[in-house]
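The sequence shown lines up with residues 158 to 252 when you count with my numbering. Even glycine gets a Cβ: it sits at the ideal position worked out from N, Cα and C. This report concerns only the one structure given below.
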Amino acid sequence: ISPGSAAAGTLVTVTGSGFGATQGSSYLHFADDGVNWGAPGNRTTFVIDSWSNTKIVLTVPLPSDNHSVVPGSTATVEVHTSSGLVSNQVTISIT
Numbered sequence: 158i159s160p161g162s163a164a165a166g167t168l169v170t171v172t173g174s175g176f177g178a179t180q181g182s183s184y185l186h187f188a189d190d191g192v193n194w195g196a197p198g199n200r201t202t203f204v205i206d207s208w209s210n211t212k213i214v215l216t217v218p219l220p221s222d223n224h225s226v227v228p229g230s231t232a233t234v235e236v237h238t239s240s241g242l243v244s245n246q247v248t249i250s251i252t
């Protein structure tokens, strides 16, 4: 994940392989300080700016529904593909 630290509204890139050429029903799960974004059933959503088989660009979640990332915390990110595969979990420091 790059950069290794970011604030709300910052673009972050997750690199790897096997994500799928398009997002389809795949999703990126972002969790920080007990709040989850992006997974099915989560009330909070965020922006996926682009999706490819090897790279996903997202915007660190902005405050929504009274939830926001917490400066000084460590968020986790993982990719869930439509075929049921789950990536390794990576972390990002929230500034």
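- For the region 166-196, the continuous beta strand (DSSP E) assignments of 3+ residues that do not extend past its boundaries occur at 168-172, 184-189, 192-194, in sequence order.
- Counting only residues of its own chain and dropping the five nearest sequence neighbours on each side, residue 180 has a CB closer than 7 Å to the CB of 205, 208.
- Apart from the 5 residues on each side of it in sequence, residue 227 sits with its Cβ closer than 8 Å to the Cβ of 189, 190, 251 in its chain, given in chain order.
- Contact check for residue 217 and residue 167: beta-carbon distance about 5 Å, within the 8 Å limit, so the pair qualifies.
- Closest by C-alpha distance to residue 194, out of 222, 171, 174, is 222.
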